[in-house]
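Numbering (our numbering), first residue to last: 694 to 1163. Don't be surprised by glycine CBs; every beta carbon is placed ideally from N, CA and C. Below is one structure, written out as C-alpha coordinates; the observations come after it.
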Amino acid sequence: MRRREVAQVARIKIVEHDHPVAVVEQPPGDVGPDEPRAPGDHDALLACWLLQIAHPCSKLIVKRISKTDVQGYHCSSAPDQSYNLRVSKPAGIYIHIPFCARKCTYCNFNTTDYYDDLAASYVEAVAKEIGWWGERTGRIAIDTIFFGGGTPSIVEARHLDLLARACRSSFDVAGDVEITIEINPGTLSEERVAGWRESGINRASVGVQSFSDRELVSLSRTHSVGEARGTVAALRRAGFDNISLDLIAGLPGQTLADWGFNLREALELGVEHLSLYLLEVKEGTQMYSQIKRGALERPDDDLAAEMYRMICDGTGRAGYEHYEISNFALSVAGEPGRFRSKHNMKYWTATPFYGMGCGAHSYDGRARWVNIKKTESYIDSVRATGQAIAERNELSDRDRAADALFMGLRLTEGIRLDEFQKEFGLDVMARYGDEIGRLEDAGLIETGERRLRLTASGRLLSNEVFVTFV
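Here it is in C-alpha coordinates:
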(Lines of atoms letter the chains of each structure in order from A and count residues from 1; the text may use other names and numbers.)
(Lines give C-alpha, C1' and ligand atoms only; values in the text may rest on other atoms or scores of the structure.)
Protein backbone atom coordinates (compact mmCIF):
# COMPACT_ATOMS: atom_id res chain seq x y z
CA MET A 1 0.00 0.00 0.00
CA ARG A 2 1.50 3.35 -1.00
CA ARG A 3 2.06 5.91 1.75
CA ARG A 4 -0.22 8.46 0.09
CA GLU A 5 -2.99 5.87 -0.06
CA VAL A 6 -2.53 5.09 3.61
CA ALA A 7 -2.59 8.81 4.29
CA GLN A 8 -6.18 8.94 3.08
CA VAL A 9 -7.19 6.95 6.16
CA ALA A 10 -6.54 9.95 8.35
CA ARG A 11 -9.19 11.81 6.43
CA ILE A 12 -12.04 9.29 6.58
CA LYS A 13 -14.39 11.17 8.89
CA ILE A 14 -12.54 13.64 10.87
CA VAL A 15 -14.89 16.03 12.55
CA GLU A 16 -16.05 15.94 16.12
CA HIS A 17 -19.75 15.91 15.34
CA ASP A 18 -21.71 13.45 13.29
CA HIS A 19 -24.08 15.85 11.64
CA PRO A 20 -23.78 18.54 8.96
CA VAL A 21 -22.89 21.96 10.25
CA ALA A 22 -22.33 25.12 8.26
CA VAL A 23 -18.69 25.91 7.60
CA VAL A 24 -19.11 28.78 5.15
CA GLU A 25 -16.08 30.97 5.82
CA GLN A 26 -15.41 34.53 4.78
CA PRO A 27 -13.22 35.14 1.72
CA PRO A 28 -10.55 37.79 1.59
CA GLY A 29 -11.49 41.09 0.03
CA ASP A 30 -14.40 43.46 0.44
CA VAL A 31 -17.17 40.97 1.18
CA GLY A 32 -19.49 42.05 3.98
CA PRO A 33 -19.26 40.30 7.35
CA ASP A 34 -22.51 38.37 6.89
CA GLU A 35 -22.20 37.58 3.20
CA PRO A 36 -21.45 34.00 2.13
CA ARG A 37 -18.35 33.36 0.12
CA ALA A 38 -18.52 32.77 -3.60
CA PRO A 39 -17.94 29.02 -3.93
CA GLY A 40 -15.60 27.42 -6.44
CA ASP A 41 -15.41 23.80 -7.57
CA HIS A 42 -14.22 22.70 -4.14
CA ASP A 43 -16.24 25.27 -2.24
CA ALA A 44 -19.78 24.46 -3.27
CA LEU A 45 -22.56 24.26 -0.73
CA LEU A 46 -22.51 20.51 -1.19
CA ALA A 47 -18.95 20.31 0.07
CA CYS A 48 -19.99 22.09 3.27
CA TRP A 49 -23.00 19.83 3.69
CA LEU A 50 -21.47 16.41 3.13
CA LEU A 51 -20.21 16.12 6.68
CA GLN A 52 -17.15 18.16 5.77
CA ILE A 53 -15.64 15.35 3.73
CA ALA A 54 -12.73 16.74 1.78
CA HIS A 55 -14.05 15.94 -1.69
CA PRO A 56 -16.88 17.61 -3.58
CA CYS A 57 -19.07 14.90 -5.09
CA SER A 58 -20.48 16.99 -7.87
CA LYS A 59 -19.88 20.32 -9.50
CA LEU A 60 -22.58 22.65 -8.24
CA ILE A 61 -23.14 26.32 -8.90
CA VAL A 62 -24.47 27.98 -5.78
CA LYS A 63 -26.39 31.22 -6.18
CA ARG A 64 -24.50 34.21 -4.80
CA ILE A 65 -26.81 36.20 -2.53
CA SER A 66 -26.36 39.91 -1.91
CA LYS A 67 -25.66 41.20 1.58
CA THR A 68 -29.16 42.63 1.78
CA ASP A 69 -30.68 39.28 0.90
CA VAL A 70 -28.48 37.39 3.33
CA GLN A 71 -29.81 39.46 6.21
CA GLY A 72 -33.19 37.93 5.40
CA TYR A 73 -33.37 35.91 2.21
CA HIS A 74 -37.07 35.59 1.44
CA CYS A 75 -38.49 33.32 -1.26
CA SER A 76 -41.02 35.16 -3.36
CA SER A 77 -42.24 31.99 -5.06
CA ALA A 78 -45.24 30.02 -3.88
CA PRO A 79 -44.34 27.30 -1.36
CA ASP A 80 -45.02 24.38 -3.70
CA GLN A 81 -42.73 25.92 -6.30
CA SER A 82 -39.88 26.55 -3.87
CA TYR A 83 -39.97 23.52 -1.60
CA ASN A 84 -40.67 19.84 -1.88
CA LEU A 85 -44.03 19.30 -0.21
CA ARG A 86 -44.25 15.68 -1.33
CA VAL A 87 -41.74 14.21 1.11
CA SER A 88 -42.67 10.53 1.21
CA LYS A 89 -40.59 9.49 4.25
CA PRO A 90 -40.56 10.99 7.74
CA ALA A 91 -37.97 13.76 7.79
CA GLY A 92 -35.57 14.87 10.51
CA ILE A 93 -35.02 18.18 12.26
CA TYR A 94 -31.54 19.37 13.19
CA ILE A 95 -31.37 22.25 15.71
CA HIS A 96 -28.05 24.05 15.98
CA ILE A 97 -27.10 25.43 19.40
CA PRO A 98 -23.90 27.41 18.74
CA PHE A 99 -22.89 28.25 22.32
CA CYS A 100 -19.69 26.97 23.91
CA ALA A 101 -17.83 27.70 27.13
CA ARG A 102 -14.53 27.59 25.24
CA LYS A 103 -13.35 26.82 21.71
CA CYS A 104 -11.52 23.50 21.40
CA THR A 105 -8.15 23.58 19.65
CA TYR A 106 -9.27 21.33 16.77
CA CYS A 107 -12.74 22.86 16.27
CA ASN A 108 -13.75 24.81 13.16
CA PHE A 109 -17.50 24.60 13.73
CA ASN A 110 -19.95 27.46 13.92
CA THR A 111 -19.75 28.39 17.61
CA THR A 112 -20.01 31.48 19.80
CA ASP A 113 -19.55 32.39 23.46
CA TYR A 114 -22.46 31.76 25.82
CA TYR A 115 -24.38 34.67 27.35
CA ASP A 116 -27.75 34.25 29.07
CA ASP A 117 -29.46 37.09 27.21
CA LEU A 118 -28.12 36.03 23.81
CA ALA A 119 -29.12 32.41 24.43
CA ALA A 120 -32.67 33.45 25.35
CA SER A 121 -33.01 35.60 22.22
CA TYR A 122 -31.54 32.85 20.07
CA VAL A 123 -33.88 30.15 21.37
CA GLU A 124 -36.85 32.44 20.78
CA ALA A 125 -35.70 32.95 17.18
CA VAL A 126 -35.18 29.23 16.57
CA ALA A 127 -38.67 28.48 17.90
CA LYS A 128 -40.07 31.05 15.47
CA GLU A 129 -38.11 29.52 12.59
CA ILE A 130 -39.43 26.07 13.47
CA GLY A 131 -42.97 27.42 13.31
CA TRP A 132 -42.28 29.11 9.97
CA TRP A 133 -41.04 25.86 8.43
CA GLY A 134 -43.89 23.86 9.91
CA GLU A 135 -46.37 26.15 8.21
CA ARG A 136 -44.39 26.27 4.98
CA THR A 137 -44.12 22.48 4.69
CA GLY A 138 -47.66 21.66 5.77
CA ARG A 139 -46.68 19.91 9.03
CA ILE A 140 -44.77 17.07 7.40
CA ALA A 141 -44.00 13.91 9.38
CA ILE A 142 -40.90 14.02 11.60
CA ASP A 143 -39.34 11.06 13.41
CA THR A 144 -35.95 12.44 14.53
CA ILE A 145 -34.83 15.65 16.25
CA PHE A 146 -31.15 16.35 16.87
CA PHE A 147 -29.82 19.10 19.16
CA GLY A 148 -26.25 19.70 17.95
CA GLY A 149 -23.66 22.39 18.32
CA GLY A 150 -21.75 23.97 19.74
CA THR A 151 -22.78 22.68 23.13
CA PRO A 152 -26.55 22.14 23.44
CA SER A 153 -26.13 20.93 27.02
CA ILE A 154 -24.87 24.37 28.06
CA VAL A 155 -28.27 26.05 27.67
CA GLU A 156 -31.01 25.77 30.26
CA ALA A 157 -33.27 22.72 30.07
CA ARG A 158 -36.32 24.96 29.70
CA HIS A 159 -34.87 26.37 26.48
CA LEU A 160 -34.54 22.92 24.94
CA ASP A 161 -38.04 22.09 26.17
CA LEU A 162 -39.36 25.18 24.37
CA LEU A 163 -37.73 24.03 21.13
CA ALA A 164 -38.98 20.45 21.50
CA ARG A 165 -42.51 21.74 22.06
CA ALA A 166 -42.16 24.04 19.04
CA CYS A 167 -41.32 21.00 16.91
CA ARG A 168 -44.33 19.07 18.18
CA SER A 169 -46.73 21.95 17.64
CA SER A 170 -45.39 22.75 14.15
CA PHE A 171 -44.81 19.28 12.67
CA ASP A 172 -46.41 15.84 12.75
CA VAL A 173 -43.91 14.36 15.22
CA ALA A 174 -43.96 10.58 15.64
CA GLY A 175 -44.80 9.12 19.02
CA ASP A 176 -41.54 7.17 19.03
CA VAL A 177 -39.45 10.11 17.81
CA GLU A 178 -35.70 9.84 18.42
CA ILE A 179 -34.53 13.06 20.11
CA THR A 180 -30.76 13.36 20.53
CA ILE A 181 -28.78 15.91 22.51
CA GLU A 182 -25.04 16.45 22.19
CA ILE A 183 -23.44 16.81 25.61
CA ASN A 184 -20.18 18.23 26.91
CA PRO A 185 -19.47 16.24 30.08
CA GLY A 186 -18.67 19.39 32.05
CA THR A 187 -22.06 21.02 31.50
CA LEU A 188 -24.75 18.93 33.16
CA SER A 189 -26.45 18.47 36.50
CA GLU A 190 -28.98 15.95 37.75
CA GLU A 191 -31.72 18.60 37.43
CA ARG A 192 -30.74 19.41 33.86
CA VAL A 193 -30.71 15.74 32.83
CA ALA A 194 -34.13 15.23 34.43
CA GLY A 195 -35.41 18.22 32.47
CA TRP A 196 -34.18 16.70 29.22
CA ARG A 197 -36.06 13.50 29.96
CA GLU A 198 -39.25 15.43 30.69
CA SER A 199 -38.87 17.13 27.30
CA GLY A 200 -38.77 13.75 25.56
CA ILE A 201 -35.03 13.67 24.85
CA ASN A 202 -34.20 9.97 24.72
CA ARG A 203 -30.73 9.73 23.15
CA ALA A 204 -27.49 11.31 24.37
CA SER A 205 -24.30 11.84 22.37
CA VAL A 206 -21.45 12.55 24.78
CA GLY A 207 -18.35 14.34 23.48
CA VAL A 208 -15.78 12.45 25.55
CA GLN A 209 -13.03 12.65 22.87
CA SER A 210 -10.42 11.00 25.13
CA PHE A 211 -10.04 9.07 28.39
CA SER A 212 -6.72 10.79 29.06
CA ASP A 213 -6.74 14.01 31.06
CA ARG A 214 -3.47 14.96 29.37
CA GLU A 215 -5.05 14.65 25.93
CA LEU A 216 -8.17 16.53 27.03
CA VAL A 217 -6.03 19.45 28.20
CA SER A 218 -4.21 19.49 24.85
CA LEU A 219 -7.59 19.70 23.08
CA SER A 220 -8.78 22.54 25.36
CA ARG A 221 -11.70 20.42 26.47
CA THR A 222 -13.39 21.81 29.58
CA HIS A 223 -14.08 18.44 31.23
CA SER A 224 -12.03 15.74 32.92
CA VAL A 225 -12.08 11.97 32.49
CA GLY A 226 -13.87 11.73 35.83
CA GLU A 227 -16.59 14.08 34.61
CA ALA A 228 -16.99 12.01 31.44
CA ARG A 229 -17.56 8.86 33.45
CA GLY A 230 -19.87 10.74 35.80
CA THR A 231 -21.90 11.98 32.84
CA VAL A 232 -22.56 8.46 31.57
CA ALA A 233 -23.53 7.37 35.09
CA ALA A 234 -25.89 10.34 35.50
CA LEU A 235 -27.53 9.61 32.17
CA ARG A 236 -28.09 5.99 33.20
CA ARG A 237 -29.63 7.06 36.51
CA ALA A 238 -32.00 9.35 34.62
CA GLY A 239 -33.18 6.46 32.45
CA PHE A 240 -31.20 6.99 29.24
CA ASP A 241 -30.86 3.62 27.51
CA ASN A 242 -29.42 4.96 24.24
CA ILE A 243 -26.05 6.65 24.78
CA SER A 244 -23.38 7.40 22.20
CA LEU A 245 -19.78 8.41 22.85
CA ASP A 246 -17.55 10.45 20.54
CA LEU A 247 -13.80 9.83 20.60
CA ILE A 248 -10.99 11.18 18.42
CA ALA A 249 -7.99 9.10 17.33
CA GLY A 250 -4.73 10.29 15.80
CA LEU A 251 -4.09 13.20 18.16
CA PRO A 252 -0.65 14.85 18.09
CA GLY A 253 1.73 12.72 20.14
CA GLN A 254 -0.82 9.94 20.64
CA THR A 255 0.66 6.44 20.40
CA LEU A 256 -1.05 3.24 19.34
CA ALA A 257 -1.03 2.17 22.99
CA ASP A 258 -2.65 5.47 24.00
CA TRP A 259 -5.45 4.94 21.51
CA GLY A 260 -5.84 1.31 22.53
CA PHE A 261 -6.41 2.47 26.12
CA ASN A 262 -9.05 5.00 25.00
CA LEU A 263 -10.86 2.40 22.93
CA ARG A 264 -10.88 -0.17 25.74
CA GLU A 265 -12.21 2.40 28.20
CA ALA A 266 -15.04 3.30 25.82
CA LEU A 267 -15.95 -0.32 25.20
CA GLU A 268 -15.97 -1.14 28.92
CA LEU A 269 -18.68 1.47 29.51
CA GLY A 270 -21.02 -0.63 27.37
CA VAL A 271 -22.80 2.27 25.70
CA GLU A 272 -25.14 1.60 22.79
CA HIS A 273 -23.29 3.60 20.14
CA LEU A 274 -19.77 4.81 19.36
CA SER A 275 -18.63 7.49 16.92
CA LEU A 276 -14.88 7.02 16.52
CA TYR A 277 -13.26 9.65 14.34
CA LEU A 278 -9.78 10.30 13.07
CA LEU A 279 -8.44 13.78 13.61
CA GLU A 280 -8.35 16.33 10.84
CA VAL A 281 -6.33 19.46 11.43
CA LYS A 282 -8.23 22.31 9.80
CA GLU A 283 -6.57 25.54 8.77
CA GLY A 284 -7.72 28.37 11.01
CA THR A 285 -7.94 26.23 14.16
CA GLN A 286 -5.68 26.65 17.17
CA MET A 287 -4.23 23.19 16.60
CA TYR A 288 -3.29 24.05 13.02
CA SER A 289 -1.34 27.08 14.25
CA GLN A 290 0.33 25.05 17.00
CA ILE A 291 1.50 22.41 14.53
CA LYS A 292 2.63 24.98 11.99
CA ARG A 293 4.89 26.73 14.49
CA GLY A 294 6.23 23.42 15.84
CA ALA A 295 4.54 23.54 19.23
CA LEU A 296 2.69 20.29 18.48
CA GLU A 297 3.75 17.16 16.65
CA ARG A 298 2.07 16.60 13.29
CA PRO A 299 -0.23 13.53 13.36
CA ASP A 300 1.22 10.50 11.58
CA ASP A 301 -0.96 9.18 8.76
CA ASP A 302 0.40 5.63 8.83
CA LEU A 303 -0.23 5.43 12.56
CA ALA A 304 -3.77 6.68 11.97
CA ALA A 305 -4.31 3.77 9.59
CA GLU A 306 -3.28 1.33 12.32
CA MET A 307 -5.63 3.05 14.74
CA TYR A 308 -8.51 2.66 12.32
CA ARG A 309 -7.81 -1.07 12.00
CA MET A 310 -7.76 -1.28 15.80
CA ILE A 311 -11.15 0.46 15.90
CA CYS A 312 -12.71 -1.99 13.45
CA ASP A 313 -11.27 -5.07 15.17
CA GLY A 314 -12.02 -3.94 18.73
CA THR A 315 -15.61 -2.87 18.15
CA GLY A 316 -16.36 -6.06 16.23
CA ARG A 317 -15.10 -8.26 19.06
CA ALA A 318 -17.18 -6.26 21.53
CA GLY A 319 -20.41 -6.89 19.62
CA TYR A 320 -20.80 -3.60 17.76
CA GLU A 321 -22.15 -3.38 14.23
CA HIS A 322 -19.86 -1.31 11.99
CA TYR A 323 -22.68 0.29 10.01
CA GLU A 324 -20.97 3.44 8.70
CA ILE A 325 -17.34 4.34 8.16
CA SER A 326 -16.93 5.93 11.59
CA ASN A 327 -20.06 4.76 13.44
CA PHE A 328 -20.70 1.62 15.44
CA ALA A 329 -23.97 0.43 17.02
CA LEU A 330 -24.38 -2.26 19.64
CA SER A 331 -25.95 -5.34 18.06
CA VAL A 332 -29.19 -6.65 19.56
CA ALA A 333 -30.46 -10.13 18.67
CA GLY A 334 -33.68 -9.92 16.71
CA GLU A 335 -33.50 -6.12 16.39
CA PRO A 336 -31.15 -5.29 13.52
CA GLY A 337 -30.07 -1.66 13.55
CA ARG A 338 -31.69 -1.03 16.94
CA PHE A 339 -29.07 1.47 18.08
CA ARG A 340 -28.05 3.06 14.81
CA SER A 341 -28.44 6.82 14.80
CA LYS A 342 -31.83 7.20 13.11
CA HIS A 343 -31.15 10.88 12.53
CA ASN A 344 -27.77 10.45 10.89
CA MET A 345 -29.14 7.67 8.72
CA LYS A 346 -31.18 10.38 7.00
CA TYR A 347 -27.99 12.02 5.78
CA TRP A 348 -26.59 8.74 4.49
CA THR A 349 -29.82 7.63 2.79
CA ALA A 350 -30.75 10.93 1.09
CA THR A 351 -33.79 11.42 3.34
CA PRO A 352 -35.00 15.02 3.86
CA PHE A 353 -34.01 16.94 6.96
CA TYR A 354 -34.58 20.52 8.04
CA GLY A 355 -31.87 22.51 9.82
CA MET A 356 -32.93 25.16 12.31
CA GLY A 357 -30.60 27.74 13.78
CA CYS A 358 -27.57 29.70 12.63
CA GLY A 359 -25.49 27.98 9.96
CA ALA A 360 -27.73 24.89 9.84
CA HIS A 361 -28.11 22.96 6.58
CA SER A 362 -31.32 21.54 5.07
CA TYR A 363 -32.25 19.12 2.30
CA ASP A 364 -35.79 18.40 1.09
CA GLY A 365 -35.06 15.97 -1.74
CA ARG A 366 -35.09 18.69 -4.40
CA ALA A 367 -32.93 21.47 -2.97
CA ARG A 368 -30.28 22.15 -0.38
CA TRP A 369 -29.89 25.36 1.61
CA VAL A 370 -27.92 26.81 4.51
CA ASN A 371 -28.84 29.42 7.09
CA ILE A 372 -26.99 32.62 7.95
CA LYS A 373 -23.96 31.72 10.03
CA LYS A 374 -23.54 34.69 12.39
CA THR A 375 -25.74 34.30 15.47
CA GLU A 376 -26.90 37.90 15.78
CA SER A 377 -27.64 38.22 12.05
CA TYR A 378 -29.59 34.97 12.16
CA ILE A 379 -31.74 36.32 15.01
CA ASP A 380 -32.38 39.59 13.15
CA SER A 381 -33.43 37.75 9.99
CA VAL A 382 -35.84 35.39 11.76
CA ARG A 383 -37.40 38.25 13.67
CA ALA A 384 -38.00 40.10 10.41
CA THR A 385 -39.01 37.26 8.06
CA GLY A 386 -39.46 34.03 10.02
CA GLN A 387 -36.46 32.35 8.39
CA ALA A 388 -32.77 32.96 7.65
CA ILE A 389 -31.70 31.27 4.41
CA ALA A 390 -28.29 32.46 3.20
CA GLU A 391 -27.67 30.14 0.23
CA ARG A 392 -29.93 27.81 -1.69
CA ASN A 393 -29.22 25.32 -4.47
CA GLU A 394 -31.77 23.54 -6.65
CA LEU A 395 -30.61 20.01 -7.42
CA SER A 396 -30.70 18.38 -10.82
CA ASP A 397 -31.43 14.66 -11.08
CA ARG A 398 -27.72 14.13 -11.65
CA ASP A 399 -26.87 16.08 -8.49
CA ARG A 400 -29.31 14.04 -6.42
CA ALA A 401 -27.93 10.77 -7.75
CA ALA A 402 -24.34 11.83 -7.11
CA ASP A 403 -25.15 12.89 -3.55
CA ALA A 404 -26.97 9.65 -2.80
CA LEU A 405 -24.21 7.49 -4.28
CA PHE A 406 -21.49 9.29 -2.39
CA MET A 407 -23.28 9.19 0.94
CA GLY A 408 -24.76 5.71 0.52
CA LEU A 409 -21.32 4.20 0.06
CA ARG A 410 -20.41 5.41 3.54
CA LEU A 411 -22.78 2.75 4.87
CA THR A 412 -21.35 -0.74 5.32
CA GLU A 413 -24.39 -2.16 3.52
CA GLY A 414 -23.77 0.21 0.60
CA ILE A 415 -26.55 0.81 -1.91
CA ARG A 416 -29.02 -1.54 -3.59
CA LEU A 417 -28.43 -0.99 -7.29
CA ASP A 418 -31.99 -1.76 -8.41
CA GLU A 419 -33.58 0.53 -5.80
CA PHE A 420 -31.05 3.25 -6.57
CA GLN A 421 -31.88 3.15 -10.28
CA LYS A 422 -35.61 3.23 -9.54
CA GLU A 423 -35.31 6.26 -7.26
CA PHE A 424 -32.67 8.29 -9.08
CA GLY A 425 -32.86 7.05 -12.66
CA LEU A 426 -29.17 6.16 -12.79
CA ASP A 427 -27.83 2.75 -13.78
CA VAL A 428 -24.67 2.87 -11.69
CA MET A 429 -23.04 -0.13 -13.38
CA ALA A 430 -23.68 1.25 -16.85
CA ARG A 431 -22.38 4.69 -15.91
CA TYR A 432 -19.37 3.65 -13.81
CA GLY A 433 -18.75 0.06 -14.92
CA ASP A 434 -15.10 0.54 -15.91
CA GLU A 435 -14.26 2.45 -12.74
CA ILE A 436 -16.05 -0.09 -10.56
CA GLY A 437 -14.21 -2.92 -12.30
CA ARG A 438 -10.86 -1.36 -11.45
CA LEU A 439 -11.91 -0.83 -7.84
CA GLU A 440 -13.06 -4.47 -7.62
CA ASP A 441 -9.72 -5.65 -8.99
CA ALA A 442 -8.01 -3.56 -6.32
CA GLY A 443 -10.16 -5.16 -3.62
CA LEU A 444 -11.77 -1.87 -2.59
CA ILE A 445 -15.38 -2.42 -3.66
CA GLU A 446 -17.76 -5.34 -4.26
CA THR A 447 -21.01 -5.75 -6.19
CA GLY A 448 -22.50 -9.02 -4.98
CA GLU A 449 -26.24 -9.48 -4.39
CA ARG A 450 -27.04 -6.44 -6.55
CA ARG A 451 -25.37 -4.17 -4.04
CA LEU A 452 -22.47 -1.79 -4.39
CA ARG A 453 -20.47 -1.49 -1.19
CA LEU A 454 -17.00 -0.88 0.13
CA THR A 455 -14.85 -3.77 1.30
CA ALA A 456 -12.94 -3.53 4.57
CA SER A 457 -9.96 -2.24 2.58
CA GLY A 458 -12.26 0.15 0.76
CA ARG A 459 -13.46 1.66 4.02
CA LEU A 460 -9.82 2.13 5.00
CA LEU A 461 -9.22 3.99 1.73
CA SER A 462 -12.72 5.40 1.27
CA ASN A 463 -11.62 8.75 -0.09
CA GLU A 464 -9.67 7.00 -2.82
CA VAL A 465 -12.91 5.26 -3.80
CA PHE A 466 -15.18 8.30 -3.51
CA VAL A 467 -13.08 10.46 -5.80
CA THR A 468 -13.70 7.90 -8.57
CA PHE A 469 -17.36 8.92 -8.70
CA VAL A 470 -16.79 12.68 -8.74
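Query: At least 3 beta-carbon pairs within less than 8 Å: the stretch 911-922 vs the stretch 868-879; Result: yes
Query: Whole-angstrom distance between L1102 and R1091, CA atom to CA atom; Result: 17 Å
Query: Identity of the residues DSSP links to E1014 by a beta bridge; Result: A1022
Query: Member of E1142, T805, G824 and V816 whose CA lies at the smallest distance from the CA of T1078; Result: G824
Query: Beta-carbon proximity of G868 to H789, cut-off 8 Å; Result: no
Query: Best match in I786, G831 and D1127 for proximity to L856 [C-alpha to C-alpha]; Result: I786
Query: Residues bridged to N1086 (per DSSP); Result: R1061
Query: Closest Cα partner of E891 within the set E1112, L909, E908 and G932; Result: G932
Query: Assigned secondary structure, Y808 (DSSP; H/G/I helix, E/B strand, else coil); Result: coil
Query: Per DSSP, cross-strand counterpart(s) of C1005; Result: Answer by DSSP bridge pairing: none, since C1005 is not bridged.
Query: Close Cβ partners of S863 (< 8 Å) along its chain, the five nearest in sequence each way excluded; Result: I823, G824, W826, G827, E828 and R832
Query: Inter-stretch contact (C-beta, 8 Å, three-pair minimum) for the stretch 953-969 and the stretch 1019-1026; Result: yes
Query: Per DSSP, the bridge partner or partners of A942; Result: L971
Query: Inter-stretch contact at 8 Å, needing at least 3 Cβ pairs: the stretch 988-1004 / the stretch 950-965; Result: yes
Query: Contact under 8 Å by Cβ, V1121 with L1110; Result: yes
Query: Residues of its chain near S1055, where Cβ-Cβ distance is below 6 Å and the 5 sequence neighbours each way are ignored; Result: Y1047, G1048 and W1062
Query: Rounded separation between V897 and A1095 - CA only; Result: For clarity, residue 897 is Ala in the given sequence; the question names Val instead. Taking the straight line joining both Cα atoms gives about 32 Å.
Query: Whole-angstrom distance between N935 and I1108, CA atom to CA atom; Result: 27 Å
Query: Residues sharing a beta bridge with D1164, DSSP; Result: Only positions 694 to 1163 of the chain appear in this structure, which leaves residue 1164 out of reach.
Query: Pairwise C-alpha distance: T948 and L1153; Result: 19 Å
Query: Proximity of R991 and P945 at Cβ, strictly below 8 Å; Result: yes
Query: Element boundaries [alpha helix (DSSP H), containing G785]; Result: Where G785 is concerned, there is no enclosing alpha helix (DSSP H), although the beta strand (DSSP E) it sits in stretches over A784 to I790.
Query: Close Cβ partners of W1041 (< 7 Å) along its chain, the five nearest in sequence each way excluded; Result: E1017, M1100, G1101, R1103 and L1104
Query: Beta strand (DSSP E) runs wholly inside the stretch 1071-1128, at least 3 long, in chain order; Result: 1082-1087
Query: CB-CB length for C793 against I847, believed under 8 Å; Result: 7 Å
Query: Contact set for D906: own chain, Cβ-Cβ below 8 Å, skip 5 residues either direction; Result: S917 and V918
Query: For A1043, three-class secondary structure by DSSP; Result: coil
Query: Bridge-paired residues (DSSP) for S1055; Result: W1062
Query: DSSP three-state assignment for H1036, whether helix, strand or coil; Result: helix
Query: 8 Å contact criterion, which V901 and L938 should meet: CB distance rounded; Result: 5 Å
Query: Element boundaries [alpha helix (DSSP H), containing S898]; Result: Per DSSP, S898 belongs to no alpha helix (DSSP H); it is in the beta strand (DSSP E), R896 to Q902.
Query: Under the three-state DSSP convention, the category T873 falls into; Result: strand
Query: Delimiting residues of the beta strand (DSSP E) encompassing R1031; Result: Unbroken run through R1031: none, as it is neither H nor E.
Query: F933 - DSSP class collapsed to helix/strand/coil; Result: coil
Query: Rounded Cβ spacing between A1053 and L1088 (contact assumed at less than 8 Å); Result: In fact, because the Cβ distance is near 18 Å, the residues do not count as touching under 8 Å.
Query: Minimum C-alpha distance to G1189 - residue among F904, L928 and K1039; Result: Residue 1189 falls outside the range modelled here, since the chain spans only 694 to 1163, and no answer is possible.
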